[in-house]
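Student: What follows is a structure written as C-alpha cells; I'll ask about it next.
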Amino acid sequence: MFRPDGSPAVSSFTPEDWHILAGFWYPVGFSAEVGSRPVAGRLLDVPLVLYRTGGGITVAADYCPHRGTKMTLGRLQGGEIVCKYHGLRFDGAGTCTHIPGSPDMTPPRRLDLVTFPVMERYGLVWTCLKGASDQPIPEWPELVDPAWQRIKMDAVWETGAGRHLENFCDTAHFSFAHAGTFGWPDRPEVKPYGVEETATGLRFELMTPQQDGSLFQGQPNFADLLSEYDVYLPFTARLILHFPRGDEHIFDIVAPLSAGRSRIFMLKARDHDLDQPVDEWIDFQKTVNEEDRAMVESQVPAALPLDAKAEGHLPSDRFSIAYRRRLQGLGLTGGAS
Ligand code: FES
Ligand SMILES: [Fe+2]
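Set out below in C-alpha cells:
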C-alpha cells in the first residue's frame with residue numbers, strides 16, 4: 058500500500074508533488090460523523106479510516122496490516138476497532154492488542170495500524186500525512202465565537218483542489234455562472250485590483266457588484282460589496298463579505314482526494330440575521346455551489362496547470378496568476394502522473 062518513503066503505491070500525483078502536499082493539514086471528515094462505526098476518508102490517494110475510542114478520534118490507513126483488508130469493514134467494540142476478516146483488535150493508538158486466532162501471542166508491532174496525527178478544529182477532523190507540518194491550521198475566531206451563527210457542508214467534486222480554490226477566488230464569473238443567484242448580469246466588469254503576498258498565501262480585496270445574498274428573499278436588492286479574500290496555501294480560502302447588514306465569512310477548505318477529485322469542506326459564519334432560519338442559508342449556498350460545479354468539473358485538465366503558458370490570462374486573473382506562481386514556489390508542478 059505504501060512505498061518505503063511513505064507515499065501510496067498507487068497515486069495520481071507525481072511523487073514530488075505528493076510529498077509536498079502531504080506536508081499540510083487537511084480536513085478528512087466532520088467530528089460529528091465519527092461515532093459508533095468506522096468512517097471512510099481519503100486524502101492524497103490514501104484511503105483512511107476514522108474511528109472514535111475513549112481517547113478521541115484516530116485517523117489511520119484503511120488497511121489491516123495482517124492481510125490488507127479494509128478496516129472500514131470492521132466494527133468498534135470495547136473502545137477498539139476490530140478487523141472484520143480475522144478479528145485482530147487495535148486500540149486508539151492503532152496498536153494491535155489482540156489476535157483471536159493466537160490468543161496467547163503478544164502482537165508484533167508489524168501488525169499495528171499506520172496512524173496519522175489528528176487535530177479537531179472547527180468541527181472538522183484534520184490530519185497531516187507527513188506526521189508534521191510547518192504550517193499550523195489557521196486561527197479563525199469567528200468559527201468558535203458564540204456570537205456568530207455557523208453552517209457547514211461538504212461535497213465531492215471531480216476536479217483538482219487548485220481548480221476549486223481558484224474558482225472560489227474568481228469574481229469574473231459571477232455575472233455569468235451565477236446570474237441565477239447573486240450575480241449581476243449587467244455589471245460584468247472587474248475593476249483592477251492588487252494581490253498581496255502573505256506569510257501563508259495571498260490576500261486581495263475588491264468591490265463585487267452582486268445581489269445581497271444575506272437577504273435572499275427574492276427581492277432585487279443589489280449592492281456593491283467589499284469582498285476580502287485570504288488564501289492559505291495550498292487549498293484554503295476565507296472570503297469576508299461586508300453586507301450592509303453585517304459580515305458573512307465563507308471558508309473554502311479543499312482536501313485533495315486525488316489529482317482530479319476533491320472533497321470540499323465549506324464553513325460559513327455570520328454576525329447578523331441570527332434569527333433567520335439556517336435552512337435557507339444552506340440552500341442558497343448549495344445552489345451557488347452547483348452553479349460553479351457545472352463549470353469547474355468541465356475544465357480540462359482537471360488538475361490546475363501551473364505552467365503560465367498553459368492557459369490564456371486576463372487582467373481579472375491577477376489572483377489566479379499569483380496563486381499558480383505561489384504553488385510553483387512550493388515546488389509543485391501540478392502534473393498528475
Ligand atoms: S486481514 Fe485484518 S485481521 Fe486478518
Ligand atoms: Fe462561483
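Everything in the sequence shown is counted per my numbering, starting at 58 for the first residue and increasing by one. A virtual CB, placed ideally from N, CA and C, is assigned to each residue, including glycine.
Please classify residue 323 as buried or exposed, where buried requires at least 16 other C-beta atoms within 10 Å of its C-beta.
Tutor: By 1-based counting over the sequence shown, the position of residue 323 is 266. It counts as buried.
Student: I'd like to know if residue 138 contacts chain D, where contact means its C-beta is closer than 8 Å to some C-beta of that chain.
Tutor: Of the chains in the structure shown, none is chain D; there is only one protein chain.
Student: Identify the continuous beta strand (DSSP E) that holds residue 313 and give its terminal residues.
Tutor: The residue you call residue 313 lines up with position 256 of the sequence shown. Where residue 313 is concerned, the enclosing beta strand (DSSP E) stretches over 303 to 315.
Student: For the region 95 to 183, list the beta strand (DSSP E) runs that are entirely contained and at least 3 residues long, ordered along the chain.
Tutor: Within the region 95 to 183, the complete beta strand (DSSP E) runs of at least 3 residues are 96 to 100, 103 to 110, 113 to 118, 132 to 134, 137 to 139, 153 to 155 and 175 to 178.
Student: Go ahead and pull the three-state DSSP assignment for residue 265.
Tutor: By one-based count along the sequence shown, residue 265 stands at place 208. Note: residue 265 maps to strand in three-state DSSP.
Student: Is the beta carbon of residue 310 less than 8 Å from the beta carbon of residue 296?
Tutor: Numbered from its first residue, the sequence shown carries residue 310 at position 253. Numbered from its first residue, the sequence shown carries residue 296 at position 239. Contact: no.
Student: With a Cβ-Cβ cutoff of 8 Å, do residue 292 and residue 180 count as a contact?
Tutor: Here residue 292 is taken as the residue at index 235 of the sequence shown, counted from 1. Here residue 180 is taken as the residue at index 123 of the sequence shown, counted from 1. No, the Cβ-Cβ distance between residue 292 and residue 180 is not below 8 Å.
Student: Which class does residue 252 belong to by DSSP, given the choice of helix, strand or coil?
Tutor: Within the sequence shown, residue 252 is the residue found at index 195, counting from 1. DSSP places residue 252 in strand when its eight states are reduced to three.
Student: Could you tell me if the beta carbon of residue 86 falls within a distance shorter than 7 Å of some heavy atom in ligand 1?
Tutor: By 1-based counting over the sequence shown, the position of residue 86 is 29. Checking every heavy atom of ligand 1 against the Cβ of residue 86, none is found closer than 7 Å.
Student: May I have all residues whose beta carbon comes closer than 7 Å to any heavy atom of ligand 1, sorted in chain order?
Tutor: Having a Cβ closer than 7 Å to some heavy atom of ligand 1 are 121, 123, 124, 125, 126, 140, 142, 143, 144 and 145.
Student: Going by DSSP in three states, residue 276 sits in which element: helix, strand or coil?
Tutor: By 1-based counting over the sequence shown, the position of residue 276 is 219. Per-residue confidence for residue 276 stands at a pLDDT of 46, beneath the threshold of 50, marking its modelled position as unreliable; no derived number is given.
Student: By how many angstroms is the C-alpha of residue 106 removed from the C-alpha of residue 123?
Tutor: Stepping through the sequence shown from its first residue, residue 123 is reached at position 66. Stepping through the sequence shown from its first residue, residue 106 is reached at position 49. Looking at the two C-alpha atoms, the distance is approximately 16 Å.
Student: Is residue 75 helix, strand or coil when you go by DSSP?
Tutor: Position 18 of the sequence shown holds residue 75. Helix, per DSSP.
Student: In whole angstroms, what separates the C-alpha of residue 386 from that of residue 119?
Tutor: Against the sequence shown, residue 386 aligns to sequence position 329. Against the sequence shown, residue 119 aligns to sequence position 62. Cα to Cα, residue 386 sits roughly 32 Å from residue 119.
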